[in-house]
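These notes are about the structure you will find just below.
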Amino acid sequence: MTFDDLLAMFVNPELLERYGPRFVDGLLVTGKLVAISFTLGAVLGLLLALARMSKSQLLQRLAAGYIYFFRGSPLLAQLFLLYYGLGSLKSFWQDVGLWWFFRDAWFCTLLAFTLNTAAYQAEIFRGSLLAVAPGQYEAAKALSLKRSTTFFKVILPQSLIVAIGPLGNELILMIKASAIASLVTIYDLMGVTKLAFSRSFDFQIYLWAAVLYLLIVEIVRRSLKHIEARLGRHLR
Amino acid sequence: MTASLSLATPLPVAQPDPRNVVVNIQGLNKYYGEFHVLRDIDLTVHEGERIVLCGPSGSGKSTLIRCINQLEVAEKGSIRVYDTDLAANHRAAAQVRSEIGMVFQHFNLFPHMSVLDNCTLAPMSVRGLSRQEAEERARFYLNKVGIENQAGKYPSQLSGGQQQRVAIARALCMKPKIMLFDEPTSALDPEMVAEVLDVLVKLADTGMTMLCVTHEMGFARQVAQRVLFLDGGQVIEDSPPEAFFNNPQSARAKGFLAQILH
Chain A
0 MTFDDLLAMF VNPELLERYG PRFVDGLLVT GKLVAISFTL GAVLGLLLAL
50 ARMSKSQLLQ RLAAGYIYFF RGSPLLAQLF LLYYGLGSLK SFWQDVGLWW
100 FFRDAWFCTL LAFTLNTAAY QAEIFRGSLL AVAPGQYEAA KALSLKRSTT
150 FFKVILPQSL IVAIGPLGNE LILMIKASAI ASLVTIYDLM GVTKLAFSRS
200 FDFQIYLWAA VLYLLIVEIV RRSLKHIEAR LGRHLR
Chain Y
0 MTASLSLATP LPVAQPDPRN VVVNIQGLNK YYGEFHVLRD IDLTVHEGER
50 IVLCGPSGSG KSTLIRCINQ LEVAEKGSIR VYDTDLAANH RAAAQVRSEI
100 GMVFQHFNLF PHMSVLDNCT LAPMSVRGLS RQEAEERARF YLNKVGIENQ
150 AGKYPSQLSG GQQQRVAIAR ALCMKPKIML FDEPTSALDP EMVAEVLDVL
200 VKLADTGMTM LCVTHEMGFA RQVAQRVLFL DGGQVIEDSP PEAFFNNPQS
250 ARAKGFLAQI LH
């Protein structure tokens with residue numbers, strides 16, 4: 000077997016030429032999907048964490064119930080529930096004017112991913128907020144800082160240092176879990192991989208996908224390291 | 000060291016009038032669950048008065064000054080600060096709190112902010128000062144406590160004594176009328192106690208109304224006009240330092256002094 004044969008087993012130029020552009024598209028779709036849902040999930044997660052820590056019993060219970068449900072059931076089941084379950088109530092959504100949303104796989108996937116990651120991120124934020132020393136709240140009170148100033152200027156920056164590690168973990172898990180979007184007709188990285196394989200029956204397509212996922216995760220890992228160093232610059 | 004620091008320009012505090020009552024506490028009772036921390040406390044503090052609170056651990060001295068700053072809420076009794084009843088009007092109480100500065104045992108500086116930012120945050124967001132005004136004020140007080148040249152550093156880069164001096168400067172940047180100190184030197188290494196006490200003495204010279212929980216009896220003798228001895232949540236003695244140290248009335252105060260004065 001020549002070197003060229005060996006190379007063709009892993010990176011066949013012909014296949015690459017045919018499916019390469021699709022992979023670029025898939026990569027972008029995966030990136031967009033994860034970026035949007037993770038960001039929205041962070042906002043929702045932070046609100047849920049605050050609700051879980053609030054003095055109101057009702058808010059506490061609602062947030063706890065939400066987190067219990069979304070952490071306790073598979074993401075795949077949640078996605079199907081949204082896309083096939085809620086999507087089957089066509090006339091209802093048409094009546095309330097939301098059919099454009101629930102008939103679209105892209106929106107449903109975004110929603111499912113956002114709701115799911117929010118539950119995990121809520122627990123991360125809650126833990127990291129509890130990790131801030133009580134003396135910090137007291138100092139802020141003694142200085143008469145408003146509650147919003149206390150939260151955004153004093154508490155949140157300190158809790159983010161604690162949260163960044165687990166948040167990165169969650170982001171990496173999300174990137175890989177996003178592959179299930181391909182099951183509801185989304186042509187994300189996994190979607191284009193399945194398409195390319197079903198046409199070429201060449202296993203190297205899956206190898207490409209694996210390497211590309213690895214690549215995204217590596218980029219994320221490096222960025223996180225950078226952010227972590229920046230957030231913790233007072234600790235050096 | 001701060002010994003070299005001169006206080007040529009006095010800290011800008013208006014001349015105190017000892018006839019003014021700034022804090023008036025009546026029948027204060029506070030519980031932590033079943034534990035009765037403060038029992039029927041009555042206390043009147045006049046403007047410019049310097050009071051040292053001492054007593055055994057758990058006697059309620061910290062709780063008492065924390066109540067004045069609304070970090071704790073008492074179950075019974077009233078606290079009036081500058082004629083504002085803290086329990087009556089939430090908004091007025093918040094207003095009056097901004098006139099009270101507090102220094103904690105463990106400094107409680109904001110670790111993610113530089114020394115300068117620690118000092119400018121509250122004046123900018125509470126008092127509405129511009130960044131420039133706030134920084135000017137911060138540098139003034141950092142200079143007073145002898146650490147202006149560390150303004151760009153983070154708290155973790157400073158020694159304990161320096162951190163506590165920053166905490167004092169941070170509180171002073173709000174130009175408070177009353178300063179509360181909750182064991183300001185208890186968490187410090189012995190060689191750093193002096194530099195912090197030095198700042199407190201200079202602050203006392205400006206006429207600031209001060210309530211200080213401390214076991215630094217030398218400091219109490221030098222600075223305080225009244226020493227309050229608390230035990231079991233009650234004020235057992237309230238007398239000038241000379242009388243307290245030379246001729247304590249209660250057996251408990253005698254025992255306490257015997258323990259801490261070697």
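Protein chains in written order, with numbering that gives the first Met the number 0: chain A, 0 to 235; chain Y, 0 to 261. No residue lacks a Cβ here, since even glycine has one placed at the ideal position from N, Cα and C. A quick note: this is a predicted structure, and the numbers were derived from the prediction, not measured.
Simplified DSSP assignment, three categories, for residue i
{"i": "Phe228/Y", "result": "strand"}
{"i": "Gly44/A", "result": "helix"}
{"i": "Gln233/Y", "result": "strand"}
{"i": "Glu217/A", "result": "helix"}
{"i": "Cys211/Y", "result": "strand"}
{"i": "Val191/A", "result": "helix"}
{"i": "Asn23/Y", "result": "strand"}
{"i": "His105/Y", "result": "coil"}
{"i": "Leu144/A", "result": "coil"}
{"i": "Val10/A", "result": "coil"}
{"i": "Met123/Y", "result": "helix"}
Contact set for residue i: own chain, Cβ-Cβ below 7 Å, skip 5 residues either direction
{"i": "Trp92/A", "result": "Trp98 and Phe101"}
{"i": "Leu81/A", "result": "Cys107, Leu110 and Ala111"}
{"i": "Ser5/Y", "result": "Since pLDDT at Ser5/Y reaches only 40, below the 50 mark, its modelled position is unreliable, and no value is offered."}
{"i": "Tyr65/A", "result": "Leu47 and Ala118"}
{"i": "Thr184/Y", "result": "Val192, Val195, Leu196, Thr213 and Glu215"}
Pick from the options that is closest to residue i, judged by C-alpha positions
{"i": "Arg164/Y", "options": "His214/Y, Glu132/Y, Ile177/Y and Met101/Y", "result": "Met101/Y"}
{"i": "Ala34/A", "options": "Gly167/A, Val10/A and Ile66/A", "result": "Gly167/A"}
{"i": "Met191/Y", "options": "Gly160/Y, Glu182/Y and Leu171/Y", "result": "Gly160/Y"}
{"i": "Glu46/Y", "options": "Glu71/Y, Cys66/Y, Ala121/Y and Val80/Y", "result": "Val80/Y"}
{"i": "Lys31/A", "options": "Leu170/A, Phe196/A and Ile226/A", "result": "Leu170/A"}
{"i": "Glu262/Y", "options": "Gly151/Y, Ala193/Y, Arg65/Y and Ala133/Y", "result": "Nothing can be reported for residue 262/Y: it is not among the residues displayed for chain Y, which extend from 0 to 261."}
{"i": "Gly57/Y", "options": "Thr205/Y, Gln233/Y, Ile146/Y and Ile259/Y", "result": "Gln233/Y"}
{"i": "Gly231/Y", "options": "Ala91/Y, Asn142/Y and Tyr30/Y", "result": "Tyr30/Y"}
{"i": "Lys60/Y", "options": "Glu182/Y, Ser249/Y, Phe255/Y and Pro122/Y", "result": "Glu182/Y"}
{"i": "Phe255/Y", "options": "Pro15/Y, Leu37/Y, Leu52/Y and Pro17/Y", "result": "Leu52/Y"}
{"i": "Gln149/Y", "options": "Ser113/Y, Gln131/Y and Leu120/Y", "result": "Ser113/Y"}
7 Å Cβ cut-off: residues of chain A touching residue i
{"i": "Arg96/Y", "result": "Ser143"}
{"i": "Ser155/Y", "result": "His233 and Leu234"}
{"i": "Asn107/Y", "result": "Gly134, Gln135, Glu137 and Ala138"}
{"i": "His111/Y", "result": "Pro156, Gln157 and His233"}
{"i": "Ala121/Y", "result": "Leu142, Ser143 and Leu144"}
{"i": "Met101/Y", "result": "Ala141"}
{"i": "Ala93/Y", "result": "Ser143"}
Chain Y contact residues for residue i, given Cβ-Cβ distances below 7 Å
{"i": "Lys54/A", "result": "Under the 7 Å cutoff, chain Y gives no residues; its nearest Cβ is about 14 Å from Lys54/A."}
Close beta carbons around residue i, own chain, < 6 Å, minus the five adjacent residues each side
{"i": "Thr149/A", "result": "Ala139"}
{"i": "Asp39/Y", "result": "Gly26"}
{"i": "Leu171/Y", "result": "Tyr140"}
{"i": "Lys253/Y", "result": "Pro247"}
Residues that residue i contacts on chain A, provided the C-beta gap is smaller than 8 Å
{"i": "Ser124/Y", "result": "Leu144, Lys145, Thr148 and Lys152"}
{"i": "Leu70/Y", "result": "Glu137, Lys140 and Ala141"}
Residues near residue i by beta carbon distance below 8 Å, same chain, minus five either side
{"i": "Ser155/Y", "result": "Pro110"}
{"i": "Ala7/Y", "result": "Residue confidence is low: Ala7/Y scores 39 on pLDDT, short of 50, so the model does not pin down where it sits. Its coordinate-derived value is still stated next. Taken in chain order, the list of residues that qualify is empty."}
{"i": "Gln162/Y", "result": "Phe106, Leu108 and Pro154"}
Query raised in the report: If we count Cβ pairs, one from each stretch, closer than 8 Å, do we get three or more for the stretch 177 to 187 of chain A versus the stretch 74 to 84 of chain A?
Result: Three or more Cβ pairs closer than 8 Å define a contact, and the stretch 177 to 187 of chain A meets that threshold against the stretch 74 to 84 of chain A.
Report task. Could you tell me whether the stretch 94 to 109 of chain Y touches the stretch 127 to 147 of chain Y, using the rule of 3 or more Cβ pairs below 8 Å? Result -> Touching, no.
Query raised in the report: Is the stretch 14 to 26 of chain Y in contact with the stretch 137 to 144 of chain Y, if contact means three or more CB pairs nearer than 8 Å?
Result: With a cut-off of 8 Å, the stretch 137 to 144 of chain Y and the stretch 14 to 26 of chain Y do not count as touching, because too few Cβ pairs lie within range.
Query raised in the report: With contact counted as at least three CB pairs below 8 Å, one residue from each stretch, are the stretch 133 to 153 of chain A and the stretch 210 to 219 of chain A in contact?
Result: The stretch 133 to 153 of chain A vs the stretch 210 to 219 of chain A: no contact.
Query raised in the report: For the stretch 213 to 226 of chain A against the stretch 40 to 57 of chain A, are there 3 or more C-beta pairs whose distance is under 8 Å?
Result: Flag = no, the stretch 213 to 226 of chain A and the stretch 40 to 57 of chain A do not touch.
Query raised in the report: Is the stretch 191 to 201 of chain Y in contact with the stretch 158 to 175 of chain Y, if contact means three or more CB pairs nearer than 8 Å?
Result: A contact between stretches requires three or more CB pairs, one per stretch, nearer than 8 Å, and the stretch 191 to 201 of chain Y meets this requirement with the stretch 158 to 175 of chain Y.
Query raised in the report: Contact between the stretch 237 to 255 of chain Y and the stretch 211 to 229 of chain Y: three or more CB pairs below 8 Å?
Result: Short answer: they touch.
Query raised in the report: Any chance the stretch 149 to 158 of chain A sits against the stretch 100 to 115 of chain A, with 3 or more Cβ pairs inside 8 Å?
Result: Between the stretch 149 to 158 of chain A and the stretch 100 to 115 of chain A there are fewer than three C-beta pairs closer than 8 Å, too few to call the two in contact.
Query raised in the report: Between the stretch 69 to 78 of chain Y and the stretch 46 to 59 of chain Y, do at least 3 Cβ pairs fall closer than 8 Å?
Result: Touching, no.
Query raised in the report: Per the contact definition of three or more C-beta pairs closer than 8 Å, is the stretch 92 to 101 of chain Y in contact with the stretch 140 to 150 of chain Y?
Result: No: fewer than three Cβ pairs fall under 8 Å.
**Report entry** Three CB pairs or more closer than 8 Å across the stretch 3 to 22 of chain A and the stretch 192 to 209 of chain A
**Finding:** Between the stretch 3 to 22 of chain A and the stretch 192 to 209 of chain A, the count of C-beta pairs closer than 8 Å reaches three or more; the two stretches touch.
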